[in-house]
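One structure is given here, and the rest of the page talks about it.
Number of protein chains: 2
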Amino acid sequence: MQFDLDHAVPVLERTPRVISSLLESLPEGWLDARDGPEAWSPREIVNHLIHGERTDWIPRARIILAQGSYRRFQPFDRFAELKSDRPLDDLLEELDQLRAGNIATLRGWNIKQKDLDLTGEHPGLGTVTLRQLLATWVAHDLTHIAQITRTMAREYKQAVGPWTEYFRALQN
Amino acid sequence: MQFDLDHAVPVLERTPRVISSLLESLPEGWLDARDGPEAWSPREIVNHLIHGERTDWIPRARIILAQGSYRRFQPFDRFAELKSDRPLDDLLEELDQLRAGNIATLRGWNIKQKDLDLTGEHPGLGTVTLRQLLATWVAHDLTHIAQITRTMAREYKQAVGPWTEYFRALQN
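From first to last, the protein sequence lines stand for chains G and E.
Under my numbering, the first residue of the first sequence carries the number 2, and numbering increases by one thereafter.
Under my numbering, the first residue of the second sequence carries the number 2, and numbering increases by one thereafter.
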């Protein structure tokens, strides 16, 4: 699929509601599920998404659109703010508000096809386009929703008994 | 995680809303995304979940709870009803109604701990308990939500450009 803003924005807009529909007021055990000692829990993934709203996608898009002489992004710390003592429902509310504001900003820029070819400098990957950044924002949302649900499913790896044979996703 | 009805039912209840939040009124291209010629699209996965509500989980639980002399389940056809010309929003509505009815049925049974050990005969897997059946229902929901979002994410496998390196989930 080619990247297209009119296809991408509806996905970005839906993410907070998808994650809230899944996690809001769920029994705590699910929120702290973890598929291995280094893996992230659903709660940590929500924290990571909030951090991305503040420091990653829109700030980087702004650097690209400004087209100043220095277009190098701040490194994004994937492990920042993973832990938080705040109630999950507060975090979900914050994700919703931050995302709504960021989508409003994105729409307000009124980005044209040619703007999508503008570039910035990723600290690890080199030259990247606005198109690639926005496509990555969408893919990042979707893969983290997949990660949350896969992590939850694997909590029942033993409980499903013989059915484990039919579930590749439950096997490591 | 041990299987616990009070933890399982909230996940089962949320599934239709999670999937509707994700897919309702999305541009069509996402609904027919397919990660390989044999893989299922989000639309087909919704059809598969509807078929499961009608023929799999509750009918099998009923066989187990009845404890008749013949407790062998009908084989579940994973490929039945995958195709449908109905608008997706109709399918989402149907999934929501079927699931709500099935959860009401499940609650109405007032299942006790000892009932969870009752068994039926799976045509391929042999003896299975009600506990395993219900745990599988939950894991099945969650892995299919993961599948929908992973399938959508992979539509941008090319579009993310150099970021593909950071996304194991986008690689085959």
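Where is the CB? At the ideal position from N, CA and C, for every residue including glycine.
Q. What do you reckon, are the CB atoms on E:Thr-137 and E:Thr-128 nearer than 9 Å?
A. Looking up residue 137 of chain E in the second sequence gives position 136. Looking up residue 128 of chain E in the second sequence gives position 127. Their beta carbons are not under 9 Å apart, which means E:Thr-137 does not touch E:Thr-128 by this criterion.
Q) Applying a beta-carbon distance threshold of less than 7 Å, which residues of chain E neighbour G:Pro-11? A) For the purposes of this step, residue 11 of chain G is identified with residue 10 of the first sequence, where counting begins at 1. Under the 7 Å cutoff, chain E gives Leu-27 and Pro-28.
Q. Rounded to a whole number of angstroms, what is the C-alpha to C-alpha distance between G:Thr-56 and E:Ala-170?
A. Locating residue 56 of chain G in the first sequence gives position 55, counting from the first residue. Locating residue 170 of chain E in the second sequence gives position 169, counting from the first residue. Looking at the two C-alpha atoms, the distance is approximately 23 Å.
(Q) Can you give me the C-alpha to C-alpha distance between E:Val-12 and E:Tyr-167, rounded to a whole angstrom? (A) By one-based count along the second sequence, residue 12 of chain E stands at place 11. By one-based count along the second sequence, residue 167 of chain E stands at place 166. Each residue's Cα considered, the two are about 30 Å apart.
Q. For a contact meaning CB atoms closer than 8 Å, what does E:Asp-7 contact in chain G?
A. Here residue 7 of chain E is taken as the residue at index 6 of the second sequence, counted from 1. Per Cβ cutoff of 8 Å: Pro-28.
Q. In its own chain, which residues sit with a C-beta less than 8 Å from the C-beta of E:Arg-132, not counting the 5 before and 5 after it?
A. The sequence position of residue 132 of chain E within the second sequence is 131, counting from 1. Taken in chain order, the residues that qualify are Phe-4, Leu-117 and Asp-118.
Q | Option in G:Ile-104, G:Thr-165, G:Ile-46 and G:Thr-152 with minimal Cα separation from G:His-141 | A | The residue labelled residue 141 of chain G in the question sits at position 140 within the first sequence. Out of G:Ile-104, G:Thr-165, G:Ile-46 and G:Thr-152, G:Ile-46 has the C-alpha closest to the C-alpha of G:His-141.
Q.
According to DSSP, simplified to helix, strand and coil, what is E:Arg-79?
A. Walking along the second sequence from the start, residue 79 of chain E turns up at place 78. Correct three-state label for E:Arg-79: coil.
(Q) Please list, in chain order, the chain E residues whose beta carbon lies closer than 9 Å to that of G:Tyr-71. (A) Residue numbering aside, residue 71 of chain G sits at position 70 when the first sequence is read from its first letter. Within chain E, no residue comes near G:Tyr-71; the closest Cβ sits about 20 Å away, beyond 9 Å.
Q: Spell out whether any CB of chain E is found under 9 Å from the CB atom of G:Leu-32.
A: Within the first sequence, the letter at position 31 stands for residue 32 of chain G. Not one chain E Cβ lies under 9 Å of G:Leu-32.
Q. Of all Cβ atoms in chain E, is any one closer than 9 Å to the Cβ of G:His-52?
A. Taking the first sequence and counting its residues from 1, one reaches residue 52 of chain G at position 51. No, G:His-52 does not count as interfacial toward chain E.
Q) Straight-line CA distance for G:Arg-87 to E:Leu-134? A) Taking the first sequence and counting its residues from 1, one reaches residue 87 of chain G at position 86. Taking the second sequence and counting its residues from 1, one reaches residue 134 of chain E at position 133. Straight-line Cα distance between these residues: approximately 35 Å.
Q) What residue does the beta strand (DSSP E) around E:Thr-130 start on, and which one ends it? A) Looking up residue 130 of chain E in the second sequence gives position 129. Taken as a continuous stretch (DSSP letters only), the beta strand (DSSP E) holding E:Thr-130 covers 127-130.
Q.
Do E:Phe-74 and E:Pro-28 count as a contact pair if the criterion is CB distance below 9 Å?
A. Numbered from its first residue, the second sequence carries residue 28 of chain E at position 27. Numbered from its first residue, the second sequence carries residue 74 of chain E at position 73. With a cutoff of 9 Å on beta-carbon distance, E:Pro-28 and E:Phe-74 are scored as not near each other.
Q | Partners in chain G for E:Gln-3, counting only beta-carbon separations shorter than 8 Å | A | Counted from its first residue, the second sequence places residue 3 of chain E at position 2. Those within 8 Å of E:Gln-3 in chain G are Ala-160.
Q) Just how far apart, CA to CA, sit G:Trp-58 and E:Asp-97? A) Start at 1 with the first residue of the first sequence, and residue 58 of chain G comes out as number 57. Start at 1 with the first residue of the second sequence, and residue 97 of chain E comes out as number 96. For G:Trp-58 and E:Asp-97, the distance between alpha carbons rounds to 34 Å.
Q | Contact list for G:Ser-85 against chain E, beta-carbon separation under 7 Å | A | Residue 85 of chain G sits at position 84 when you count from the first residue of the first sequence. Under the 7 Å cutoff, chain E gives no residues; its nearest Cβ is about 22 Å from G:Ser-85.
Q: Assign E:His-44 to one of three DSSP states: helix, strand, or coil.
A: Numbered from 1 along the second sequence, position 43 holds the residue referred to as residue 44 of chain E. The amino acid at residue 44 of chain E is misidentified as His; the sequence shows Arg. The three-state reading of DSSP puts E:Arg-44 in helix, counting H, G and I together.
Q. Under 9 Å Cβ-Cβ, which residues of chain E neighbour G:Arg-15?
A. In the first sequence, counting from the first residue as 1, residue 15 of chain G sits at position 14. In chain order, Ser-22, Leu-23, Leu-24, Glu-25 and Leu-27 make up the part of chain E whose C-beta sits under 9 Å from the C-beta of G:Arg-15.
(Q) Using C-beta distances below 7 Å, list every residue in its chain close to E:Thr-106, excluding the 5 sequence neighbours before and after it, in chain order. (A) Looking up residue 106 of chain E in the second sequence gives position 105. So the qualifying residues of the chain are Ile-59.
Q: Let me know if G:Arg-15 comes out buried or exposed under the rule of 16 or more other beta-carbons within 10 Å of its beta-carbon.
A: Indexing the first sequence from 1 puts residue 15 of chain G at position 14. Counting other Cβ atoms within 10 Å of its Cβ, G:Arg-15 reaches 16 or more and is therefore classed as buried.
Q. Helix or strand or just coil, what does DSSP make of E:Asn-87?
A. As a working note, residue 87 of chain E is residue 86 in the second sequence. Reading off the sequence, residue 87 of chain E comes out as Arg, not Asn. Coil at E:Arg-87, not helix or strand.
Q. Would you say E:Ala-34 and E:Ser-21 are within 9 Å of each other, going by their C-beta atoms?
A. Mapped onto the second sequence, residue 34 of chain E falls at position 33. Mapped onto the second sequence, residue 21 of chain E falls at position 20. Not a contact, by the Cβ cut-off of 9 Å.
Q | Residue from E:Leu-50, E:Asp-7 and E:Leu-23 whose Cα sits closest to the Cα of E:Asp-78 | A | Here residue 78 of chain E is taken as the residue at index 77 of the second sequence, counted from 1. The residue from E:Leu-50, E:Asp-7 and E:Leu-23 with its alpha-carbon nearest to that of E:Asp-78 is E:Leu-50.
Q) Cβ atoms of G:Arg-44 and G:Leu-92: under 9 Å apart, would you say? A) As a first step, residue 92 of chain G is located in the first sequence; it is residue number 91 there, counting from the start. As a first step, residue 44 of chain G is located in the first sequence; it is residue number 43 there, counting from the start. Their beta carbons are under 9 Å apart, which means G:Leu-92 touches G:Arg-44 by this criterion.
Q.
Quick check: is the beta carbon of E:Pro-124 nearer than 9 Å to any beta carbon in chain G?
A. Within the second sequence, residue 124 of chain E is the residue found at index 123, counting from 1. Closer than 9 Å: no.
Q) Who pairs with E:Glu-122 in a beta bridge, going by DSSP? A) Against the second sequence, residue 122 of chain E aligns to sequence position 121. DSSP, once it has assigned bridges, lists E:Arg-73 and E:Thr-128 as partnering E:Glu-122.
(Q) Counting only Cβ pairs nearer than 9 Å, list the residues of chain E close to G:Gln-133. (A) Position 132 of the first sequence, counted from the start, is the residue given in the question as residue 133 of chain G. Here the neighbours are Ala-160, Val-161, Gly-162, Pro-163 and Trp-164.
Q. Would you say G:Leu-96 faces chain E, with C-beta separation under 9 Å as the test?
A. Within the first sequence, residue 96 of chain G is the residue found at index 95, counting from 1. It does not; no Cβ of chain E falls within 9 Å.
Q. Would the beta-carbon of E:Ala-154 fall within 9 Å of that of G:Val-139?
A. Within the second sequence, numbered from 1, the residue matching residue 154 of chain E stands at position 153. Within the first sequence, numbered from 1, the residue matching residue 139 of chain G stands at position 138. The answer is yes: Cβ separation under 9 Å.
Q) Does the beta carbon of G:His-141 come closer than 9 Å to any beta carbon on chain E? A) One-based indexing of the first sequence puts residue 141 of chain G at position 140. At least one beta carbon of chain E lies nearer than 9 Å to the beta carbon of G:His-141.
**Q.** Whether E:Glu-82 touches E:His-52 by CB criterion (9 Å)
**A.** Sequence index remark: in the second sequence, residue 82 of chain E carries index 81 (1-based). Sequence index remark: in the second sequence, residue 52 of chain E carries index 51 (1-based). Taking a C-beta distance under 9 Å as the contact criterion, E:Glu-82 and E:His-52 qualify as a contact pair.
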